[in-house]
Amino acid sequence: MKTATAKPATSKQATAPKQATAPKTEEVKDSALNELFIDELKDIYWAEKNLAKALPKMIKGATSAELKTTIENHLKETENHVTRLESVFNSIGEKAAAVKCEAMAGLLKEAEELLSETEKGTMVRDVAIISAAQKVEHYEIASYGTMATLANVLGYSEAVELLEATLAEEKNADSLLTQVAENTVNTPAKSEKK
Numbered sequence: 001m002k003t004a005t006a007k008p009a010t011s012k013q014a015t016a017p018k019q020a021t022a023p024k025t026e027e028v029k030d031s032a033l034n035e036l037f038i039d040e041l042k043d044i045y046w047a048e049k050n051l052a053k054a055l056p057k058m059i060k061g062a063t064s065a066e067l068k069t070t071i072e073n074h075l076k077e078t079e080n081h082v083t084r085l086e087s088v089f090n091s092i093g094e095k096a097a098a099v100k101c102e103a104m105a106g107l108l109k110e111a112e113e114l115l116s117e118t119e120k121g122t123m124v125r126d127v128a129i130i131s132a133a134q135k136v137e138h139y140e141i142a143s144y145g146t147m148a149t150l151a152n153v154l155g156y157s158e159a160v161e162l163l164e165a166t167l168a169e170e171k172n173a174d175s176l177l178t179q180v181a182e183n184t185v186n187t188p189a190k191s192e193k194k
């Protein structure tokens, strides 16, 4: 008598992310979790739209060419994030709507204060801009990570894909800001006088 043996999992099978399943329309649409997910989408939609308005001020205030370029590139991504969020809303059958994000409003206010409290044309100002920008990035990384997870639980596979694409871009933006700080800004800022 032969015994059946299980085939070993291929590396692709072992590492493939769990895919979201199709939503159970009424069950999902009426769930409190779905309501929270939509509220979070509205929140980050407001955040991205307002960040797109704030980034040009950071670009104008930056001293180093590398920092200006990094923020300019992220501004283009941020504009795309707004469009991508509209696609997320569409993919779940909701109209895109923004609700004020108090967290982002606070982070953007702090960024404005840092710009006004640091001297124009200094590397210290660039350090302040990077600090403010990375606080924003970390907020966005947390938000997109949570929303991608919730979209997966709710069965919104298209939304998962869109949100994970933005999450990857936010993580990359944070990494690039760190590189600019470490390679261009922090050391010269250390020698600037008050």
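The sequence shown: position 137 = 137 (our numbering), numbered continuously. Glycine is no exception: its CB is placed at the ideal position from the N, C-alpha and C atoms.
7 Å CB neighbourhood of T63 in its chain, flanking five on each side removed: The sequence position of residue 63 within the sequence shown is 63, counting from 1. Around T63: G121, T122, M123, R125, D126.
Distance, P56 Cα to E72 Cα: Here the question's residue 72 lines up with position 72 in the sequence shown. Here the question's residue 56 lines up with position 56 in the sequence shown. E72 and P56: Cα-Cα distance of roughly 8 Å.
Report the three-state DSSP secondary structure of Y156 (helix, strand or coil). Walking along the sequence shown from the start, residue 156 turns up at place 156. DSSP places Y156 in coil when its eight states are reduced to three.
Just the Cα atoms here: how many angstroms apart are E66 and Q134? In the sequence shown, residue 66 corresponds to position 66, counting from 1. In the sequence shown, residue 134 corresponds to position 134, counting from 1. About 15 Å.
With a cut-off of 8 Å on the beta carbons, I'd call L85 and L41 a contact; round off their distance for me. As a position in the sequence shown, residue 85 is number 85, starting the count at 1. As a position in the sequence shown, residue 41 is number 41, starting the count at 1. Yes, L85 and L41 are in contact; Cβ-Cβ is about 7 Å, under 8 Å.
How many Å lie between E77 and A173 at the Cα? The sequence position of residue 77 within the sequence shown is 77, counting from 1. The sequence position of residue 173 within the sequence shown is 173, counting from 1. Spanning the two alpha carbons is a distance of roughly 9 Å.
Residues near A97 by beta carbon distance below 6 Å, same chain, minus five either side: By 1-based counting over the sequence shown, the position of residue 97 is 97. Excluding positions up to five away in sequence, the list reads K42.
From which residue to which residue does the alpha helix (DSSP H) around S91 run? Sequence index remark: in the sequence shown, residue 91 carries index 91 (1-based). Element bounds for S91: 65-91.
Reduced DSSP category for A96 - H, G, I as helix; E, B as strand; rest coil: Indexing the sequence shown from 1 puts residue 96 at position 96. In the structure shown, A96 sits in coil (DSSP, three-state: anything other than H, G, I, E or B).
Mark T166 as exposed unless 16 or more other C-beta atoms lie within 10 angstroms of its C-beta, in which case mark it buried. Your numbering for residue 166 matches position 166 in the sequence shown. Buried.
Just how far apart, CA to CA, sit A151 and S91? Locating residue 151 in the sequence shown gives position 151, counting from the first residue. Locating residue 91 in the sequence shown gives position 91, counting from the first residue. Computed Cα separation, rounded: 11 Å.
Let me make sure I understand the geometry here. Which of V88, I129, A47 has the alpha-carbon closest to that of Y156? The count along the sequence shown starts at 1 and reaches residue 156 at position 156. Here the closest residue by C-alpha is V88.
By DSSP, does K193 sit in helix, in strand, or in coil? Here residue 193 refers to the residue found at position 193 of the sequence shown. If DSSP states are grouped into helix, strand and coil, K193 belongs with coil.
Contacts around E48, its chain only, beta-carbon distance under 7 Å, and the 5 residues preceding and following it disregarded: Position 48 of the sequence shown, counted from the first residue, corresponds to residue 48. These residues qualify, in order along the chain: T78, H81, V82, L85.
Would you kindly work out how many angstroms separate the C-alpha atoms of C101 and E182, rounded to a whole number? On the sequence shown, position 101 is the one that residue 101 refers to. On the sequence shown, position 182 is the one that residue 182 refers to. Straight-line Cα distance between these residues: approximately 31 Å.
Please classify A105 as buried or exposed, where buried requires at least 16 other C-beta atoms within 10 Å of its C-beta. Position 105 of the sequence shown holds residue 105. The residue in question, A105, is exposed, as its Cβ has fewer than 16 Cβ neighbours within 10 Å.
Exposed or buried, T178, counting other C-beta atoms within 10 Å across all chains shown (16 or more means buried)? Taking the first residue of the sequence shown as 1, we reach residue 178 at position 178. Result: exposed.
Between which two residues does the alpha helix (DSSP H) containing A103 stretch? Along the sequence shown, one-based indexing puts residue 103 at 103. Unbroken alpha helix (DSSP H) run through A103: 102-117.
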